[in-house]
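Trainee: Before anything else, here's the structure in question.
2 protein chains.
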Amino acid sequence: MAETETGQRRGRRGGGRDARRQMRASGGAAAAPYITRGIPPVDILTDEAAEIIEDNAETILEEIGIDFLEDPEALDLLRNAGCDVRGERVHFPRGLARKLCETAPSRFTQHARNPERSVEIGGNNMVFAPVYGPPFVRDLQNERRYATIEDFRNFVKLVYMLPGFHHSGGTVCEPVDLPVTKRHLEMIYAHQFLSDKPYMGSVTAPERAQDTVDMSKILFGDEFVENNTVSISLINANSPMTWDSVMLGALKVYARHNQAVITAPFILAGAMSPVSVAGTLAQTLAEAMSGIAFTQLVRPGAPVVFGSFASSMSMQTGAPTFGTPEPAKVLLGCAKLARRLGVPFRSGGSLTAAKTADAQAAYESANTIMPTVQGGVNFVLHAGGWMEGGLVADYAKLLLDADQLSMMQNMVSGIDVSENGQAMDALRETGPGKHFLGSSHTQVNFETAFWRSDMADNTTFEQWSSEGAVESHQRARTKAAQMLDAYEAPPLDPSINDGLRDFIGKRMEALPDSEF
Amino acid sequence: MAETETGQRRGRRGGGRDARRQMRASGGAAAAPYITRGIPPVDILTDEAAEIIEDNAETILEEIGIDFLEDPEALDLLRNAGCDVRGERVHFPRGLARKLCETAPSRFTQHARNPERSVEIGGNNMVFAPVYGPPFVRDLQNERRYATIEDFRNFVKLVYMLPGFHHSGGTVCEPVDLPVTKRHLEMIYAHQFLSDKPYMGSVTAPERAQDTVDMSKILFGDEFVENNTVSISLINANSPMTWDSVMLGALKVYARHNQAVITAPFILAGAMSPVSVAGTLAQTLAEAMSGIAFTQLVRPGAPVVFGSFASSMSMQTGAPTFGTPEPAKVLLGCAKLARRLGVPFRSGGSLTAAKTADAQAAYESANTIMPTVQGGVNFVLHAGGWMEGGLVADYAKLLLDADQLSMMQNMVSGIDVSENGQAMDALRETGPGKHFLGSSHTQVNFETAFWRSDMADNTTFEQWSSEGAVESHQRARTKAAQMLDAYEAPPLDPSINDGLRDFIGKRMEALPDSEF
């Protein structure tokens, strides 16, 4: 199915074999599998302030409690661990949740089917994954419409080819042309077949989580999956202080199979949390700790990531706002709280409320991705392609964001003070009033000296005008179309592919066509 | 003259008195005079690396030397201070330049004619000034053309009204419709009359610097100017390692009158400095120290700012590139070197090579202004309005950048962990599964809780579409026109204004009309 689709698209828009080869060569294949920082994370939360917030989180867990809804098994696990369970509300005695978090690994490997693409999540590492969840796309013709499975596949292909992304992500958009009950199968398959980067699993029902595990076993082998983490999945809390049965059900499936989950409070501050940074931090920490602790009760040692998604809001209209200082502070603060807890951290992205990939979109995205990188976030969802507060996946913005992501390794690698970095010979050779273009040091280093943008236009006004005065989002759309033409799927053992398609066929038959 | 112009423009584009009053109320008048940070600066240069670079700067000063061109007085001053002067090349014995820098103040006040707008330059403070130098504008009709004195006045008015800016700047654009010999007079006057924020002086000839001092004396009074700093001026080095007689001449005028100067290497790394961060840092430090030391020889204790402007370049085309990681590293490194030297630091801005205020412009600008703010830069030139590598001042981008600047005080104020910031009462009052919109804490805090953008559109796609699907740069142009309609000059004693116009009239008669 996807093979056919690939075959159809290939060569549709000019370019030819050489252009395609060049595009592949400049694509994801050549990139490092993830970012490793050489400089410490930016820290704006003092140790004293962190202690206050940690104390408040314990107060929330003990005094206010966390709801675990419609999951008697979860309540039993928590009660047996020493929690005070009243109805569906779980009160954690002071220190218990933090204690339970101790068995969570501080870092883990998520394996990709191509071992060169496996990622290390935690520590000094940073992994970028694309936008997650939009029901709409802004397409190659700059039209906004509902997303389809073809869009989904296109995003997976582009993310595969873009070196800025280390991870194929999950619901890169919602393929609304497929029934809700079945679409997860084609989504997982698209990640497995069209890319060799690591991927995320389905969380919209426990049985869909199980399908993810089963399909992963077909791809990686049963034994490999039982002994290794090959998927990561997003378990959102219903903030404030609530976990629902769907998310808990998916969490249990993944944790029992040693597959990673992100326990992620999704917070629009002012509505789902107090209208202050420190209040939002305490609530986020309490929610994350309750989720991580629960994961460890399901399976001690299961890989789990402290998640945080926080946006501010317009207190006039209730609309979420992005790229503002308060979420940046929550992000930097949470990153420190996660480090102190000793677990990997997920947050950030290239977030914006803008409707097109204009200056607003870029300012807001930069204002989120910059603290994300500086704060040392380990797993970054929504790192590219996000528009309109997450309602839209934009082909153009995916490329523009990916271009920015491709400079981040450079940004966090610190300042080279080797002999070559010091360049004293160049200074001696050149001297006052001369230029350095011809110096030996420049000749040796110029190829690698400066990060190069693939999307920026640095030409003169005259040249830019003569080429049609094309703005950056339109340049990105043109390039996305060229990339899709040049795309070739990474090789996959045909028997594995047959196994996946067989599994999908049987599940498709068994599942009803319905919209929930 | 400017009064008439103001009268003509007032009310030209709708709005009415109420709209004008509202626009004034939300304008610069209500804003803090400068930013004070509550969190430490971001530091990516280790102490050991800083020592290596400081040692290399001493080697440059001693062994390679700095050219002071066509200024025998300067050479005498430097020779008498202990430098080894060979022709026009000055070699500073190891440690001498740093020693001479010791008399430079670590911070100083630049007075504005409105005392509430005076700025503190140095320490934990940050002052934002607009773009400096462009011969072109992109105007209210989104057309790119040569700048005029009317554009200059418009930029001064807008900067006066925009709370993101603390400083009126200098050559906000080049009024090419006035003779080079005379335009500085109308430029200084525009800053003095149309704004009450502090301003920059002319540096294109020593006598124009003297005109700046003389006009400042008319505005502030002779005695006040002799005892206080009321102007700051940009003295660019001809990197690598060269000071020319025009800049030295202007520097001497200002320093002798205790007026502030910025000794600023302007570096396109790879051409005017080595193609490496550490090499560029050493050269910048050497150049800045030579300029600061010279200032202190002219007048010990004269206020002087360590300046740095560094861009990377495309090694394929030679074009300057902005928003890349290497200049951000130079900026953060230089900020630390300036702190260690004990003088205020100037760098950064909202820099871009883009031709329109599109996503490229915003990404690149954000990538410069963010490290600027995080690095603790004390005086930020080009903080708004800069386009096309500094060739163009864009009305739209001035407003878009200013909007970003208005959030920076919030960004650097740290996390409030007061009782109110902790918001534990809100958490107790609300509890799991509820929302915080109605909580007492939210009601008390919502007005000030979140920074609000004046330029972002956070509405739905449907609302945005129904309002014409206007992109952010066009929203900014519309708002700029409305602001110019609403502008009213800050009050100025008519006798002072007469004095300024008399002075300008006499100088205009005395000076030739010429283009140099």
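For the record, the sequence lines run as chains F and V. With the working numbering applied, the first sequence covers 1 to 516. With the working numbering applied, the second sequence covers 517 to 1032. Each residue gets a CB set at the ideal place from its N, CA and C atoms; glycine is no exception. Values in this document were obtained by computation on a predicted structure and should not be read as measured data.
(1) What alpha helix (DSSP H) runs, 4 residues minimum, are completely inside the stretch 99-154 of chain F?
(2) Confirm, please, whether the CB-CB distance from F/Gly-323 to F/Ile-262 is below 7 Å.
(3) Any idea if V/Phe-671 is buried or exposed, counting beta-carbon neighbours within 10 angstroms, 16 or more meaning buried?
(4) List the endpoints of the continuous alpha helix (DSSP H) containing V/Pro-781.
(5) What does V/Gly-786 touch in chain F if you count any residue whose Cβ is under 8 Å from its own?
(6) Measure the C-alpha to C-alpha separation of V/Pro-1010 and V/Ser-881 and round it to an integer number of angstroms.
(7) For F/Pro-432, count neighbouring C-beta atoms within 10 Å of its own C-beta (all shown protein chains included) and say buried if the count is 16 or more, exposed if not.
(8) Can you tell me whether V/Arg-661 is buried or exposed, with buried defined as 16 or more other CB within 10 angstroms of its CB?
(9) Rounding to the nearest angstrom, what Cα-Cα distance links F/Ile-44 and F/Pro-512 in this structure?
(10) Go ahead and pull the three-state DSSP assignment for F/Asp-358.
(11) Helix, strand or coil for V/Leu-1008, going by three-state DSSP, please let me know.
(12) F/Met-247 to F/Pro-40, Cα distance in whole Å?
(13) Secondary structure at V/Gly-823, three-state DSSP: helix, strand or coil?
(14) If we call anything under 7 Å between Cβ atoms a contact, is V/Ala-802 one with V/Ala-912?
(15) Count the other CB atoms within 10 Å of the CB of F/Asp-394; is the residue buried (16 or more) or exposed (fewer)?
(16) Measure the alpha-carbon distance for F/Val-298 versus F/Ile-188 and round it to whole angstroms.
(17) Go through its chain and collect everything with a Cβ distance to F/Gly-170's Cβ below 6 Å, but skip five positions before and after it.
(18) At a Cβ cut of 8 Å, what residues of the stretch 851-879 of chain V count as close to chain F, listed as they run along the chain?
(19) On a CA-only basis, which of V/Ile-580, V/Ala-613, V/Phe-895, V/Thr-575 is nearest V/Leu-593? Give me that one, please.
(20) Just the C-alpha distance for F/Val-470 and F/Trp-464, rounded to the nearest angstrom, thanks.
(21) Would you list the residues sitting across from F/His-91 in a DSSP beta bridge?
(22) Is it buried or exposed, F/Pro-300, if we count other Cβ atoms within 10 angstroms and call 16 or more buried?
(23) What do you get for F/Lys-506, buried or exposed, if any count of 16 or more other CB atoms within 10 angstroms of its CB means buried?
(24) Let me see if you follow: with CB-CB separation under 7 Å, is V/Val-558 close to chain F or not?
(25) Hey, V/Ser-732 and V/Val-746: beta-carbon distance below 7 Å or not?
(26) Quick check: the stretch 788-808 of chain V against the stretch 562-577 of chain V, are at least 3 beta-carbon pairs closer than 8 Å?
(27) Give me the DSSP bridge partner(s) of V/Asp-910.
(28) Should V/Met-971 be labelled buried (16 or more other beta-carbon atoms within 10 Å of its own) or exposed?
(29) Is there contact between the stretch 630-649 of chain V and the stretch 893-904 of chain V, where contact requires at least three CB pairs shorter than 8 Å?
(30) Under 7 Å Cβ-Cβ, which residues of chain V neighbour F/Ser-273?
(31) Compute the beta-carbon to beta-carbon distance between V/Ala-725 and V/Ala-766, rounded to the nearest angstrom, for a pair I have assumed lies under 8 Å.
(32) Spatial neighbours of F/Phe-503 within its chain, please: C-beta separation below 7 Å, excluding the five flanking residues on both sides.
(33) Relative to the C-alpha of F/Thr-109, which candidate in F/Val-304, F/Ser-406, F/Leu-391 has its C-alpha closest?
(34) Measuring CB atoms only, is the stretch 354-369 of chain F touching the stretch 310-328 of chain F, in the sense that at least three cross pairs come out at less than 8 Å?
(35) Using a C-beta to C-beta distance shorter than 9 Å, which residues of chain F count as neighbours of V/Glu-842?
(36) Using 7 Å as the threshold, is the C-beta distance between F/Gly-38 and F/Gly-421 below it?
Mentor: This is what the structure gives:
(1) none
(2) no
(3) buried
(4) Careful: V/Pro-781 lies outside any alpha helix (DSSP H), inside the beta strand (DSSP E) at 776-784.
(5) Phe-436, Leu-437, Thr-442, Phe-446, Ala-449, Phe-450
(6) Using only the alpha carbons, I get a separation of about 40 Å.
(7) buried
(8) V/Arg-661 should be labelled exposed.
(9) 51 Å
(10) strand
(11) coil
(12) Near 34 Å, if we compare the C-alpha coordinates of F/Pro-40 and F/Met-247.
(13) strand
(14) no
(15) buried
(16) 24 Å
(17) Tyr-132, Met-200, listed in sequence order.
(18) Ala-869, Ala-870, Lys-871, Thr-872, Ala-873, Asp-874, Ala-875, Gln-876, Ala-877, Ala-878, Tyr-879
(19) V/Ala-613
(20) 7 Å
(21) Answer is F/Asp-84.
(22) exposed
(23) exposed
(24) It does: the Cβ of V/Val-558 has a partner Cβ on chain F nearer than 7 Å.
(25) yes
(26) yes
(27) V/Arg-654
(28) So V/Met-971 ends up on the buried side.
(29) yes
(30) Phe-952
(31) 4 Å
(32) Asp-214, Met-215, Ile-218
(33) F/Val-304
(34) yes
(35) Asn-410, Ala-449, Phe-450, Trp-451
(36) The answer is no: Cβ separation not under 7 Å.
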